[in-house]
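Residue numbers for the sequence shown follow the numbering used here, so the first one is 11 and each next one is one higher.
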Amino acid sequence: MKHWIAALMAVGLVSGCALQAAEAPASSTTVAAPNADEQKFPTDLRRVSLIVDDIDESLKLYRDVLEFEVNYDTEVTMSGVALPAGEPGAKARLVLLSSNDSWVGWIGLLEWLDPPLERGYAPERMGIGDAILVFNTEKVDEHCDAAAELPGIKVTTEASNTTYPGRGDGPDIVVRTCYLFDRDGYFMELNKVLDRDGYNQN
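What follows is the structure, given as structure tokens:
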């Protein structure tokens, strides 16, 4: 199954769709665009948007377990062209979640409502064209254990320590990691840098 992962623009939340009135919940997240003139690089990876079968089920992982916060929840009309999926004029639900940053590192969840997309098969191996989502969390073991209890989650490796060579002459980088597929087949790594002082020496 080929995953369509769209990094959606800030102003046109989904390219080629007409936005309906947003029903955004109250959020403690401050959503603010940085001053472009003060940024070092011209391009940010704003968000990864995941096409999912059931947003409410996906939220059990991304909101309830990983503790991302919903800051936007609305219905949109899809063109079927700019984002080449579904039928033109299809209705979809778009949910945006954020964490520690008000501009980057967001997750989008996109579910076709009417007509729905056909659900593909859940992959068991990764290949060219697939993406790996990497989340840094201070609660690796807790989050991995909680995720494993959700229907449709497949943990490929339980929490353990992984060591990577340091940069240049820097010390080895030791991280606590676990790996899993979510209910729609998106693969992710949850990790925690165990020695941040050592990491910062790299």
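Ideal Cβ positions, reconstructed from N, Cα and C, are used throughout, including at glycine.
If you're wondering where the values come from, they're calculated on a predicted model, not measured in any experiment.
Item: Whole-angstrom C-beta distance between L71 and D192, which should lie under 8 angstroms; Value: 6 angstroms
Item: I163 and A169 closer than 8 angstroms at C-beta; Value: no
Item: Helix, strand or coil at I117 [DSSP, three-state]; Value: strand
Item: Cβ pair count under 8 angstroms reaching 3, the stretch 165-184 against the stretch 77-90; Value: no
Item: Own chain, CB closer than 7 angstroms to G22, minus 5 neighbours either side, in chain order; Value: With a pLDDT of only 43 at G22, under the threshold of 50, the placement of this residue in the model should not be trusted; the figure read from the coordinates follows. If we look at G22 and ignore the five residues flanking it on each side, it has no Cβ neighbours.
Item: Beta-carbon proximity list for D54, same chain, < 8 angstroms, skipping 5 on both sides; Value: W113, V114
Item: Y209 in three-state terms, based on DSSP; Value: helix
Item: Given I65 as reference, the closest of R135, E121, K50, S108 once Cα atoms are compared; Value: E121
Item: Exposed unless 16 or more other CB atoms sit within 10 angstroms - verdict on M198; Value: buried
Item: Rounded C-alpha distance that separates G195 from R129; Value: 11 angstroms
Item: Delimiting residues of the beta strand (DSSP E) encompassing D83; Value: 79-87
Item: Under the three-state DSSP convention, the category L69 falls into; Value: helix
Item: Nearest candidate by alpha-carbon position, reference P94, set C188, L127, N212, E48; Value: L127
Item: A102: first and last residue of the uninterrupted beta strand (DSSP E) it sits in; Value: 101-108
Item: Distance between E152 and V203 (C-alpha atoms, nearest Å); Value: 15 angstroms
Item: C-beta contact flag for I183 and Y189 at 8 angstroms; Value: no
Item: As assigned by DSSP and simplified to three states, the class of V169; Value: The amino acid occupying residue 169 in the given sequence is Ala; Val does not appear at that position. Reduced to three states, the DSSP call for A169 is strand.
Item: Residues near G176 by beta carbon distance below 7 angstroms, same chain, minus five either side; Value: D182, I183, N212
Item: Nearest-angstrom beta carbon gap, P125 and E97 [assumed within contact, 8 angstroms]; Value: 6 angstroms
Item: Spatial distance of L119 from V62 (CA atoms); Value: 7 angstroms
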